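Colleague: Handing you a structure now.
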Amino acid sequence: MEGVMMRNGDRYGLAVRRQDNSIVACRRPWIALFPKLFSHIPLIRGFPVLIETVYNGVAALNGSATLAEENEKEHLSRWQVIASMIFAFAMAIALFVLAPHLLSFVMYWLHVGGDVEGVTFHIWDGFYKLCIFFAYLKCITLMPEIRRVFCFHGAEHKTIHAFEKEKDVTATAALAMSRFHPRCGTTFLLFVITLSIILHAVCVPFLLSLWPPTSEVVKHLLTIILKVLLIIPISAVSYEAIKAAAKLKGGALATFFQSPGLFLQRLTTQEPNCEHVEVAVVALHVALDDSDDKECVKTVPYTIVP
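If you count by our numbering, then the sequence shown holds residues 396 to 701, one letter each, in order.
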């Protein structure tokens with residue numbers, strides 16, 4: 396809130412603009428929840444990276460709210476962060492697993508779709524999943540507070556673009572950059588949803604054919620459990636896909652894989668002003684710590700807090 400987080404290896408920089416217009420920042424360690432081995436194995440690292448990103452993201456969100464206050468509040472404990480994560484995942488499952496499934500069952504009840512053993516049920520499921528996803532993003536962009544968060548999101552992308560150009564990073568230089576970036580986390584979400592539609596339509600009917608429950612209730616409950624468990628391989632494949640897509644340097648293939656995510660960022664980012672970008676540049680400066688790259692990042696005055 397009112398700030399930007401920039402990760403650099405095993406640490407991240409967090410910068411926030413307070414109501415008095417001053418910028419305060421801190422450096423925090425990136426909390427690793429899994430052995431480092433998992434972060435280097437393709438098709439294994441996706442799900443651990445997702446869990447760690449959510450955990451550190453919740454912690455950084457709390458940290459930004461703390462920094463934004465003149466009289467700093469207490470930080471959330473590790474168990475409070477974990478509880479927030481569990482609640483977030485429960486809400487995600489309710490919105491993107493349970494709700495589409497129930498709506499698809501309604502289509503089956505209306506005789507315009509098949510049962511869970513058929514492909515049409517999961518096509519409807521994917522359709523509703525996409526509708527809920529885009530409707531959710533569109534609705535939250537109507538909130539002034541979220542629009543401001545999305546301005547900081549755009550400022551983060553602009554600053555990263557400026558840094559990757561290997562020249563002096565200033566707020567003025569970053570403002571000239573694009574607010575769209577191919578490695579954005581919202582692109583990852585779109586890959587997850589797209590892959591889930593494909594895998595659910597293929598895997599769920601196949602698995603139900605191996606053990607077809609006689610009870611309708613058990614059959615639908617088992618289907619929902621399977622969809623939740625498939626989040627693990629789906630996130631793993633999506634992570635590899637987004638990394639591969641980000642490495643493509645132009646051409647039809649790059650356009651095909653990157654365009655949907657870049658289009659989605661029209662909803663999840665807003666065009667920032669200089670005040671937003673100044674905060675992002677400070678976050679980058681703090682994240683770089685004592686590395687040689689830090690010298691090319693020129694910031695406005697800011698205060699480091701413990």
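The beta carbon of each residue, even a glycine, is placed where N, CA and C say it ideally should be. Quick caveat: nothing in here was measured; it's all calculated off a predicted structure.
1) Count the other C-beta atoms from every protein chain shown that fall within 10 angstroms of the C-beta of CYS579, then say buried if there are 16 or more, exposed otherwise.
2) Nearest by alpha-carbon distance to GLU673: which of TYR407, VAL411 and ASP405 is it?
3) Pair every Cβ in the segment 567-576 with every Cβ in the segment 547-557, then say whether three or more of these pairs are closer than 8 Å.
4) Given that a residue counts as buried once 16 or more other Cβ atoms are within 10 Å of its Cβ, and exposed if not, what is TYR634?
5) Here's the rule: buried if 16 or more other CB atoms are within 10 angstroms of the residue's CB, otherwise exposed. What is SER610?
6) Would you report the Cα separation of LEU409 and TRP425, rounded to the nearest angstrom?
7) State the Cα-Cα distance for the pair ARG413 and ALA460, rounded to the nearest angstrom.
8) Decide yes or no for the touch test of the segment 621-635 against the segment 433-446: beta carbon pairs closer than 8 Å, at least 3 of them.
9) Tell me whether ILE619 sits in a helix, a strand or coil according to DSSP, three-state version.
10) Go through its chain and collect everything with a Cβ distance to ILE518's Cβ below 7 Å, but skip five positions before and after it.
11) What distance in whole Å lies between the Cβ atoms of TYR450 and LEU428, which are believed to be in contact at a cut-off of 8 Å?
12) Within 8 Å, do at least three Cβ pairs link the segment 659-673 to the segment 525-537?
13) I'd like the list of long-range same chain contacts for ALA682, defined as Cβ closer than 6 Å, with 5 residues on each side in sequence excluded.
14) Out of ALA649, ILE436, PHE547 and GLY521, which one is the CA nearest neighbour of LEU456?
15) From the DSSP output, read off the bridge partner residues of MET572.
16) Report the three-state DSSP secondary structure of ALA460 (helix, strand or coil).
Modeller: Here's the rundown:
1) Burial call: buried.
2) The shortest Cα separation from GLU673 among TYR407, VAL411 and ASP405 belongs to VAL411.
3) The segment 567-576 is in contact with the segment 547-557.
4) Looking at its Cβ environment, which holds 16 or more other Cβ atoms inside 10 Å, TYR634 is buried.
5) Counting Cβ neighbours within 10 Å, SER610 comes out exposed, since fewer than 16 surround it.
6) So the two alpha carbons sit approximately 12 Å from each other.
7) A straight line joining the alpha-carbon of ARG413 with that of ALA460 spans about 10 Å.
8) Contact holds: three or more Cβ-Cβ distances are below 8 Å.
9) Three-state DSSP puts ILE619 in a helix.
10) If we look at ILE518 and ignore the five residues flanking it on each side, its Cβ neighbours are ALA596.
11) Contact between LEU428 and TYR450 is confirmed by a C-beta separation of about 6 Å, below the 8 Å threshold.
12) Taking 8 Å as the limit for Cβ pairs, the verdict is that the segment 659-673 does touch the segment 525-537.
13) Only residues of its own chain outside the window of five on either side were considered, and among them MET401, ASN403, TYR407 and GLY408 have a CB closer than 6 Å to the CB of ALA682, listed in chain order.
14) The shortest Cα separation from LEU456 among ALA649, ILE436, PHE547 and GLY521 belongs to PHE547.
15) MET572 is not bridged to any residue.
16) DSSP places ALA460 in helix when its eight states are reduced to three.
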